[in-house]
Amino acid sequence: MKLLSSLALAMGLFALTGIASAQQQQQPQSQQKPPPKPAPGAKPAPQAAAKPGPKSPFTPPAFKITIATEGAFPPFNYLDRKGMPAGFEMELAQEACQRIKAECEFVALKWDELIPGLIDKKFDIIMSSMEVTRERRQRMGLSRRYYLSPGAFIAAKGAPFDGPPSLLRNKRIGIQKDSMHADWADKSFRRSAQLRRYASVQEALTALANDEVDAVFGDKAQLWLWSQKPEGKCCELVGQDIKDTQTLGVGVAAGLRKEDVKLREALNKAFGEMMTDGTYKKLNDKYFPFALN
31 MKLLSSLALA
41 MGLFALTGIA
51 SAQQQQQPQS
61 QQKPPPKPAP
71 GAKPAPQAAA
81 KPGPKSPFTP
91 PAFKITIATE
101 GAFPPFNYLD
111 RKGMPAGFEM
121 ELAQEACQRI
131 KAECEFVALK
141 WDELIPGLID
151 KKFDIIMSSM
161 EVTRERRQRM
171 GLSRRYYLSP
181 GAFIAAKGAP
191 FDGPPSLLRN
201 KRIGIQKDSM
211 HADWADKSFR
221 RSAQLRRYAS
231 VQEALTALAN
241 DEVDAVFGDK
251 AQLWLWSQKP
261 EGKCCELVGQ
271 DIKDTQTLGV
281 GVAAGLRKED
291 VKLREALNKA
301 FGEMMTDGTY
311 KKLNDKYFPF
321 ALN
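Here is the structure:
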């Protein structure tokens with residue numbers, strides 16, 4: 031009897047142990063112990079890198095430069111209604127900036143401040159109808175020529191001078207004294223015409239409008255601009271363009287510091303491309319009815 035009682039007790043204990051084990055296996059995961067925390071100083075598990083945002087379609091500027099002009103010689107350079115530099119030269123500059131991938135800022139200064147400001151590194155380029163001269167070549171670097179306004183004559187409409195300059199022999203010719211155009215007239219007409227000298231081109235043109243001279247010799251663009259004004263409606267350009275590099279110069283260029291060789295080369299390349307691909311001609315035609323290069 032004692033043996034049967036001991037056997038029954040052992041079987042009962044075995045059943046209770048099985049029930050407890052089954053209950054532990056059926057507990058929900060929320061009641062299970064959390065995973066152990068990482069030890070202090072351990073490196074966190076690497077996470078997946080965030081995807082990069084969309085790429086900008088615009089090429090960022092390679093560098094920044096400042097371009098200075100006088101803003102007082104329309105339509106080459108002037109200040110618009112907002113007081114910002116504008117005109118033919120400024121449009122050339124903007125196109126060049128895009129081609130050399132530069133972010134450009136424009137400033138307007140007095141003429142006498144341009145070259146000293148460039149040398150003092152207050153800005154980087156001058157584009158202000160600056161004629162190439164030996165003195166300027168000595169003080170700074172110059173780009174290739176980006177425009178040339180030849181010498182020309184202007185006379186009363188219908189005047190019989192629309193041909194070679196020889197037709198103006200023995201005539202009264204107005205010129206601005208102490209100018210390169212006066213130098214050319216002295217060389218060409220000293221003995222064959224009456225040269226009348228004035229303090230400015232404007233004074234010579236006023237004399238033409240008052241029939242005090244038969245023609246005026248000067249810069250073609252400047253003479254044409256005057257002919258478009260009410261006071262210049264009396265007159266028109268006549269004869270042939272005069273191009274004499276020894277007397278009238280080689281044209282207008284941008285001014286840079288001598289040490290900025292790479293910038294000058296990039297600017298020259300941009301000007302050359304514009305003249306080759308027709309961009310320059312489009313800008314030229316926008317402002318003038320004749321070629322400037």
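Under the numbering used here, the residue at position 132 of the sequence shown is numbered 162, and the numbers go up by one with no gaps. We put the CB at the ideal spot given by N, CA and C, even for glycine.
Cβ-Cβ separation, residue j to residue i (assumed contact under 8 Å), whole Å
i	j	result
K217	T277	6 Å
I203	Q224	7 Å
N323	L172	With 8 Å as the limit, N323 and L172 do not qualify as a contact, their Cβ atoms being about 16 Å apart.
E100	S158	5 Å
G285	I156	4 Å
A237	C264	A237 to C264, Cβ: 12 Å. No contact.
Environment of residue i [buried if 16+ CB atoms lie within 10 Å]
i	result
K312	exposed
K259	exposed
P194	exposed
K140	exposed
S230	exposed
D307	exposed
E25	Beyond the ends of the chain as shown, which are 31 and 323, falls residue 25; an answer cannot be given.
D154	buried
G188	exposed
G117	buried
Inter-residue Cα distance where the pair is residue i and residue j
i	j	result
V282	E119	10 Å
Q168	D241	43 Å
L253	D290	35 Å
D150	D244	47 Å
P87	R111	Low local confidence applies: a pLDDT of 43 at P87 is under 50, so the model's placement there is unreliable, and no value is given.
P115	A138	6 Å
L293	M160	18 Å
D213	F93	43 Å
P255	K299	What sits at residue 255 in the sequence shown is Leu, not Pro. Straight-line Cα distance between these residues: approximately 30 Å.
V246	E295	39 Å
D315	G147	32 Å
E135	K152	12 Å
Proximity of residue i and residue j at Cβ, strictly below 8 Å
i	j	result
A126	F301	yes
I205	R227	yes
I95	G181	no
G248	V162	no
M170	I130	no
F320	V268	no
Per DSSP, cross-strand counterpart(s) of residue i
i	result
T96	E135
E125	None; E125 has no bridge partner.
Y108	A102, A116
R227	I205
C265	A186
D249	G181
I155	I97
Any non-hydrogen atom of the ligand COA within 7 Å of residue i CB
i	result
A296	Ligands are entirely absent from the displayed structure, and the ligand COA is therefore not among its contents.
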